[in-house]
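What follows is a short report on a single structure.
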Amino acid sequence: MYEFLKNLDKRWIFLMMFLAVSVPIYIIGKTGKTFPEVPTLLAEATFQAIEELKEGDPILLSFDYDPASEGELAPMATAFVKHSCEKRLKIYFMALWPVGPQMIDDVIARVIRSDFPEMVYGVDYVNIGFKPGNEGVIKVIVTDLRELYTTDDKGTPIAQIPMMEGIHSVQDFKLVVNVSAGYAGTKEWVQYAVTPFPDKIKLVAGCTGVQAPLLYPYIPQQLPGLLGAIKGAAEYEKLVIDKYGGTNPDPKYLEAKRRMGPQLVAHILIIILVVLANVIYYIEKKREART
Amino acid sequence: MKRTVPLMITALGGFVLIVAYFIPATQGWGEVAAIWFDILAAIAFVLGGGNLLKIHLKKASDRAPGWGYSVITVLAFLTTLSVGLGKIGVNPNPMYPGFPLSGDYREIGSPFWWLYEYAFKPLTATMFAMLAFYIASAAFRAFRAKNVEAVLLLGTAFIILLGRTFAGVYLTSWLPDSLFGLRIENMTITIMSVFNTAGNRAIMIGIALGIDPIWGRGRSDPCTNS
Chain A
-12 MYEFLKNLDK RWIFLMMFLA VSVPIYIIGK TGKTFPEVPT LLAEATFQAI
38 EELKEGDPIL LSFDYDPASE GELAPMATAF VKHSCEKRLK IYFMALWPVG
88 PQMIDDVIAR VIRSDFPEMV YGVDYVNIGF KPGNEGVIKV IVTDLRELYT
138 TDDKGTPIAQ IPMMEGIHSV QDFKLVVNVS AGYAGTKEWV QYAVTPFPDK
188 IKLVAGCTGV QAPLLYPYIP QQLPGLLGAI KGAAEYEKLV IDKYGGTNPD
238 PKYLEAKRRM GPQLVAHILI IILVVLANVI YYIEKKREAR T
Chain B
2 MKRTVPLMIT ALGGFVLIVA YFIPATQGWG EVAAIWFDIL AAIAFVLGGG
52 NLLKIHLKKA SDRAPGWGYS VITVLAFLTT LSVGLGKIGV NPNPMYPGFP
102 LSGDYREIGS PFWWLYEYAF KPLTATMFAM LAFYIASAAF RAFRAKNVEA
152 VLLLGTAFII LLGRTFAGVY LTSWLPDSLF GLRIENMTIT IMSVFNTAGN
202 RAIMIGIALG IDPIWGRGRS DPCTNS
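And the structure:
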C-alpha cells in the first residue's frame, strides 16, 4: 500500500478529483439540498449597495468575463441581474471582453426574458455592448460615454434609446457593478473610474477566486463590496433569495449554493492529498536518515 | 528612427495622460489620447489576426512539431472570421426585412451562435475545468512542509481551503463566542483582509516606488533591469 501511494499515478488523482466533483453534483442535483451559507460583511455590503438604490435608478453592469470562468461567475451575474430587476432599476449592460456580449445575452435570456417579461428593451434595460481598448474604454466613458458608444449592441443609435436620456458618462450611474475574470476588469474599474471620481462613481464587484486577493487592497474605500468566487456568489445569492426568492425559488437562482458542494469535496480531497504526500515525505526522510 | 519615433509617441502619450490627470483644464487632452488608444486597440485585433495566420501558416508549411494543431487553428480562425464578418446565415432584421444582412449575427440558431455555443464555449470551459485535475496532482507532488515558511504556507492554505466551504463553519462552530476569531471562517477573513491586504499593498507600493527610479535612469525594462 505504502509503495502504491509513494508512486501514485497521477491518473488515480485525476479519477479521485473527477469523483469528488461529479458525485456531489449528482447528489445535489437529485436531492436539491445545499449547504447553509452565512454571508460575510463583504457580501452584505455588496447586497446593501444595490438595496439602497431607488426604483428607476440607473445601474451599469459590466460583464468582463468569458465562458472559461462562466462556471464561477455566471451565478453571481444572474443574482446581480435578478436583484436589479426586483428593485426595478434601469439596467445598462456593457462589456470590456469580446465575448462579454454573449454573457450578457445569456443572463438577459435567463433572468429578464423568462422572469421579468414586462421589462422593455430600451426602456428598462439596454445592452450597449463591447468596445475594444480595455482600460482605454473606461478612461473615455467616465467622462463621455457617447464618444465611444454611438449605438447599442444591436446598432440602434444611442439617441433613439429612451433610457439613454440623461446618461452622458459613467458618473451618471448610481452604481457600477463589475463581474470580472481578469484584465480588463475590476482593478481597471477601480484605477480609471473610481479613483479619479471617488465622490461620483461607486463600484461593487464579483470576481474569480484567483483575482480576489489582489483586490482586497482597494476595500473598503474604492471597492465597498466584493464577491470572491463561487463562495461570495453563494453568500450574495442567499441574501437575494432570502429577500426576493419567495418560498420556492427557481433552481437557477441557487446555482452558486449548489456549486459549493463540489467545491467542499474537492477542497477536502486536496487537503487529504497534501497531508498524505507529506506523511510519505517524512517517512522517506526518516528512512534515508537511518540508512 | 524605427525605435525613436514610437518611443517619442509613447512618451508623449504618457506625458499627456499624466498632465491631464493633475490639471483639470487639460482633461480633454487625456480623453483624446484615450480615444486614440481605443482606435489602436481595435486595429490591434487585425494585427493579432494577421500575426496568428503568419505564425501558424509558417509552422504548418515547415512541418514543425505540432503542425497539425496549427492547421486546425488556422481553419478554426478562418471559419469563425468568415462566418462572423460575412454574417453567413443571418436572418434579416424584422424592422428591415428588405436587407438580408441586417439581422443580429448572435441570434439563436445562426451559424456564428452555433460556433460559439458548440465549439468555443465548451472548449474554453473544458480548458479551465482541467485546472482542477492539474492542481490536485501538483499539490500531491510539490507541496512539502520542508521548512518553517512552507509549514506556514501549508497551514494558511488549509485554513483558506476549509474556510471557503461549509467545512470551515462545521468544524469550529463548537468554539465559544469568546474564541470567535479562531473559527475557521473568521480566520479566513482575517488572513484575507489583514495579511493578504498588507502584503499586496506592500508589493504594489514597492513596485510603484521601484519603477520610477528605474525608468528615470532610462532602463528599457523595469522588470529585468535590462
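Line by line, the protein sequences are chains A and B. Just so we're aligned, residue -12 is where the first sequence starts under our numbering, counting upward by one. Just so we're aligned, residue 2 is where the second sequence starts under our numbering, counting upward by one. Glycine included, every Cβ here is placed at the ideal spot set by N, Cα and C. These numbers come from a predicted model, not from an experiment.
Where the beta strand (DSSP E) through I78 (chain A) begins and ends: Counting from one through the first sequence, the residue named residue 78 (chain A) turns up at place 91. Residues K77 to A82.
Would you identify the three-state DSSP class for S167 (chain A), choosing helix, strand or coil? What you label residue 167 (chain A) is simply residue 180 of the first sequence in a count that begins at 1. In this structure, S167 (chain A) counts as strand in the three-state DSSP scheme.
Identify whether F117 (chain A) lies in helix, strand or coil by the three-state DSSP scheme. As a working note, residue 117 (chain A) is residue 130 in the first sequence. Note: F117 (chain A) maps to strand in three-state DSSP.
Using the three-state DSSP reduction, which class does F16 (chain B) fall into: helix, strand or coil? As a working note, residue 16 (chain B) is residue 15 in the second sequence. Collapsing the DSSP output to three states places F16 (chain B) in a helix.
Chain-ordered chain A contacts of Y117 (chain B) [CB-CB under 7 Å]: Numbered from 1 along the second sequence, position 116 holds the residue referred to as residue 117 (chain B). Within chain A, the residues near Y117 (chain B) are Q89.
Alpha-carbon spacing of A146 (chain B) relative to N(-6) (chain A), whole angstroms: Along the second sequence, read from residue 1 onward, the residue named residue 146 (chain B) stands at position 145. Along the first sequence, read from residue 1 onward, the residue named residue -6 (chain A) stands at position 7. Cα to Cα, A146 (chain B) sits roughly 19 Å from N(-6) (chain A).
Candidates B:P7, B:I36 and B:Y117: closest to R107 (chain B) by CA position: The count along the second sequence starts at 1 and reaches residue 107 (chain B) at position 106. Comparing Cα-Cα distances from R107 (chain B) to each of B:P7, B:I36 and B:Y117, the minimum goes to B:Y117.
Reference P94 (chain A), options A:L190, A:M150, A:Q35 and A:M63, closest by Cα: As a first step, residue 94 (chain A) must be located in the first sequence, where it is residue number 107. Just to set this straight, residue 94 (chain A) is Val in the shown sequence, not Pro. From the listed residues A:L190, A:M150, A:Q35 and A:M63, the smallest Cα separation to V94 (chain A) is found for A:M63.
When B:S83, B:I24, B:I160 and B:L82 are compared against H254 (chain A), the one with the closest alpha-carbon: Numbered from 1 along the first sequence, position 267 holds the residue referred to as residue 254 (chain A). Ranking B:S83, B:I24, B:I160 and B:L82 by Cα distance to H254 (chain A) puts B:I160 first.
Taking the continuous beta strand (DSSP E) assigned at V191 (chain A), which residues delimit it? Your numbering for residue 191 (chain A) matches position 204 in the first sequence. Here the beta strand (DSSP E) through V191 (chain A) covers L190 to C194.
Flag N265 (chain A) as yes if its beta-carbon sits less than 7 Å from any beta-carbon of chain B, otherwise no. Taking the first sequence and counting its residues from 1, one reaches residue 265 (chain A) at position 278. Yes, N265 (chain A) lies at the interface with chain B (some Cβ there is under 7 Å from its Cβ).
Along the chain, where does the alpha helix (DSSP H) containing S138 (chain B) start, and where does it finish? By 1-based counting over the second sequence, the position of residue 138 (chain B) is 137. K122 to A143 is the span of the alpha helix (DSSP H), which, as asked, contains S138 (chain B).
On the three-state DSSP scale, how would you describe I128 (chain A)? Within the first sequence, the letter at position 141 stands for residue 128 (chain A). Looking at I128 (chain A) - three-state DSSP - the assignment turns out to be helix.
Does the region 114 to 131 of chain A come into contact with the region 40 to 56 of chain B, if we say contact requires no fewer than three beta-carbon pairs (one atom in each stretch) closer than 8 Å? Contact holds: three or more Cβ-Cβ distances are below 8 Å.
Would you call W(-1) (chain A) buried or exposed, if buried means 16 or more other Cβ atoms sit within 10 Å of its Cβ? Translated into positions along the first sequence, residue -1 (chain A) becomes position 12. That one is exposed.
Out of curiosity, what's the CA-to-CA distance linking V20 (chain B) and G211 (chain B)? Locating residue 20 (chain B) in the second sequence gives position 19, counting from the first residue. Locating residue 211 (chain B) in the second sequence gives position 210, counting from the first residue. For V20 (chain B) and G211 (chain B), the distance between alpha carbons rounds to 21 Å.
When the cut-off is 7 Å and only beta carbons count, does S138 (chain B) lie next to chain A? In the second sequence, the residue the question calls residue 138 (chain B) occupies position 137. It does; some Cβ of chain A falls within 7 Å.
Is it the case that the Cβ atoms of G123 (chain A) and A35 (chain B) are separated by a distance below 7 Å? Against the first sequence, residue 123 (chain A) aligns to sequence position 136. Against the second sequence, residue 35 (chain B) aligns to sequence position 34. Contact flag set, yes.
Express the C-alpha separation of N92 (chain B) and S103 (chain B) in angstroms, rounding to a whole number. In the second sequence, the residue the question calls residue 103 (chain B) occupies position 102. In the second sequence, the residue the question calls residue 92 (chain B) occupies position 91. When rounded, the separation of the alpha-carbon atoms in S103 (chain B) and N92 (chain B) is 7 Å.
Using a cut-off of 9 Å between C-beta atoms, extract the partners of E32 (chain B) located in chain A. Your numbering for residue 32 (chain B) matches position 31 in the second sequence. Listed by position along chain A, the residues whose Cβ is nearer than 9 Å to that of E32 (chain B) are K126, V127, T130, D131 and E134.
Taking 6 Å as the cut-off, does the CB of L202 (chain A) come closer than this to any heavy atom belonging to the ligand ATP? The model depicted lacks the ligand ATP and carries no ligand whatsoever.
Cβ neighbours of A32 (chain A) in the same chain (closer than 7 Å, five flanking residues each side left out): For the purposes of this step, residue 32 (chain A) is taken as the residue at position 45 of the first sequence. Contacts found: P211 and G212.
Cα separation between P85 (chain A) and L48 (chain B)? In the first sequence, counting from the first residue as 1, residue 85 (chain A) sits at position 98. In the second sequence, counting from the first residue as 1, residue 48 (chain B) sits at position 47. So the two alpha carbons sit approximately 16 Å from each other.
Using the Cβ count rule (16 or more neighbours within 10 Å means buried), how would you classify R64 (chain B)? Counted from its first residue, the second sequence places residue 64 (chain B) at position 63. R64 (chain B) comes out exposed.
By a C-beta neighbour count over all protein chains shown, 10 Å radius and 16 as the cutoff for buried, is N226 (chain B) buried or exposed? Translated into positions along the second sequence, residue 226 (chain B) becomes position 225. Only weak support is given to the placement of N226 (chain B): the predicted model assigns it a pLDDT of 45, under 50, and the value that follows is read from those uncertain coordinates. Residue burial is scored here from C-beta neighbours: N226 (chain B) has fewer than 16 other C-beta atoms within 10 angstroms and is therefore classed as exposed.
Residues of chain A with CB closer than 7 Å to the CB of A35 (chain B), please, in chain order. Locating residue 35 (chain B) in the second sequence gives position 34, counting from the first residue. Within chain A, G123, K126 and V127 have C-beta atoms less than 7 Å from the C-beta of A35 (chain B), given in sequence order.
Nearest-angstrom Cα distance between T130 (chain A) and W68 (chain B)? For the purposes of this step, residue 130 (chain A) is taken as the residue at position 143 of the first sequence. For the purposes of this step, residue 68 (chain B) is taken as the residue at position 67 of the second sequence. CA-to-CA, the gap between T130 (chain A) and W68 (chain B) works out to about 48 Å.
Delimiting residues of the beta strand (DSSP E) encompassing L48 (chain A): Residue numbering aside, residue 48 (chain A) sits at position 61 when the first sequence is read from its first letter. Per DSSP, L48 (chain A) is one residue of the beta strand (DSSP E) stretching across P45 to D51.
Might you give, ordered along the chain, the residues of its own chain that have their beta carbon closer than 7 Å to the beta carbon of L154 (chain B), omitting 5 neighbours on each side? On the second sequence, position 153 is the one that residue 154 (chain B) refers to. Nothing meets the Cβ criterion.
Pair within 7 Å by beta-carbon distance, A137 (chain B) and M247 (chain A): Numbered from its first residue, the second sequence carries residue 137 (chain B) at position 136. Numbered from its first residue, the first sequence carries residue 247 (chain A) at position 260. For A137 (chain B) and M247 (chain A), no; Cβs fall outside 7 Å.
Using a Cβ-Cβ cut-off of 8 Å (strictly less than) and excluding sequence neighbours within five positions of I206 (chain A), which residues of its own chain qualify? Here residue 206 (chain A) refers to the residue found at position 219 of the first sequence. Shown here for I206 (chain A): same chain residues with a beta carbon closer than 8 Å to its own, the five before and five after excluded, namely L29 and L213 in chain order.
Kindly say whether C224 (chain B), judged by its beta-carbon, lies nearer than 7 Å to any beta-carbon of chain A. As a position in the second sequence, residue 224 (chain B) is number 223, starting the count at 1. Low per-residue confidence applies at C224 (chain B): pLDDT is 47, beneath 50, and the placement is therefore not dependable, though the value from the model is reported in the following sentence. Chain A, which has no Cβ nearer than 7 Å to the Cβ of C224 (chain B), makes this no.
Selection of the region 247 to 261 of chain A by Cβ proximity to chain B, strictly under 7 Å: Of all residues in the region 247 to 261 of chain A, those with a C-beta nearer than 7 Å to a C-beta of chain B are M247, Q250, L251, A253, H254, I255, L256, I257, I258, L260 and V261, reading in chain order.
Going by the CB atoms, is the gap between V98 (chain A) and K69 (chain A) shorter than 7 Å? Walking along the first sequence from the start, residue 69 (chain A) turns up at place 82. Walking along the first sequence from the start, residue 98 (chain A) turns up at place 111. Contact: yes.
What are the residues of the region 148 to 179 of chain B that lie near chain A, defined by any Cβ-Cβ distance shorter than 8 Å? Of all residues in the region 148 to 179 of chain B, L155, A158, F159, L162, L163, R165, T166, F167, A168 and V170 have a Cβ within less than 8 Å of some Cβ in chain A.
Test: I0 (chain A) CB closer than 7 Å to a CB of chain B: Stepping through the first sequence from its first residue, residue 0 (chain A) is reached at position 13. Judged by the 7 Å Cβ criterion, I0 (chain A) is in contact with chain B.
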